[in-house]
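Trainee:
Numbering (mature numbering (1 follows the signal peptide of the UniProt record, and there is no 0)), first residue to last: -23 to -1, 1 to 180.
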């Protein structure tokens, strides 16, 4: 399976933490957390002519999925050395934009991707507050691919902080994309591109 088929939703987001209305219980295990994330994403419907009811349901499911990600930590790690150079206000804005890109771009595209796959979960491994939930996905044309969901416990809740596809880290992939823009251009240009992509997604 080509890497772009899985990472495309995230990379499109390039070219959280708001306070959500929906909150997950503290008792979910890492495996249950990942299952909840994927089940929620799979409920998101795609199409140019969605009804108001479908759009409302999509928004609810996207907001629910965002709460399962530690978008603030992902933001810090993907900006890396550039994170501390930003003001608190800039950091907050970046997290909000990235969260909205997941909601409007990544999740709808991921819904298409996972709808075509058979999911088989492996044994969860946990060490020092970090858990890895292995998942084997079977594509009807391209065979099996291993995906590892990495979670960290934060405020008594497990949240996804990275996804690794056949050894390729989502966080590292995003950081590479961000750094290309930051090195060739600057931070305002990165934000401009993200906002443009968000505007295009919202139509």
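Glycine included, C-beta positions come from ideal geometry on N, C-alpha and C.
In this text the structure is predicted, and so the values were computed from the model without any measurement.
Quick check on the DSSP output: what are the complete alpha helix (DSSP H) runs of length 4 or more inside the stretch 75 to 124, in order along the chain?
Mentor: Entirely contained in the stretch 75 to 124, the alpha helix (DSSP H) runs reaching 4 residues are, in chain order, 84 to 92.
Trainee: Residue 8 and residue 115: beta carbons closer than 7 Å?
Mentor: The answer is no: Cβ separation not under 7 Å.
Trainee: Grab me the residues of residue 2's own chain with a C-beta within less than 6 Å of its C-beta, minus the 5 sequence neighbours each way, in chain order.
Mentor: Caution applies to residue 2, whose pLDDT of 47 falls short of 50 and renders its modelled position unreliable; the model cannot decide the point.
Trainee: Alpha carbon to alpha carbon, what distance is there between residue 109 and residue 169?
Mentor: Each residue's Cα considered, the two are about 34 Å apart.
Trainee: Just to confirm before moving on: does the CB-CB distance between residue 83 and residue 19 stay below 7 Å?
Mentor: No. Outside cutoff.
Trainee: From this set, 80, 164 and 143, which residue's C-alpha is nearest residue 125's C-alpha?
Mentor: The candidate whose alpha carbon is nearest that of residue 125 is 143.
Trainee: Are the CB atoms of residue 147 and residue 140 nearer to each other than 7 Å?
Mentor: Against a cut-off of 7 Å, the Cβ pair of residue 140 and residue 147 comes out as a contact.
Trainee: Could you have a look at residue 63 and say whether DSSP puts it in helix, strand or coil?
Mentor: Residue 63 falls in the coil class under three-state DSSP.
Trainee: Measure the Cβ-Cβ separation of residue 39 and residue 75 and say whether it is below 7 Å.
Mentor: Contact flag unset, no.
Trainee: For residue 35, which of helix, strand or coil comes out of DSSP?
Mentor: Three-state result, residue 35: helix.
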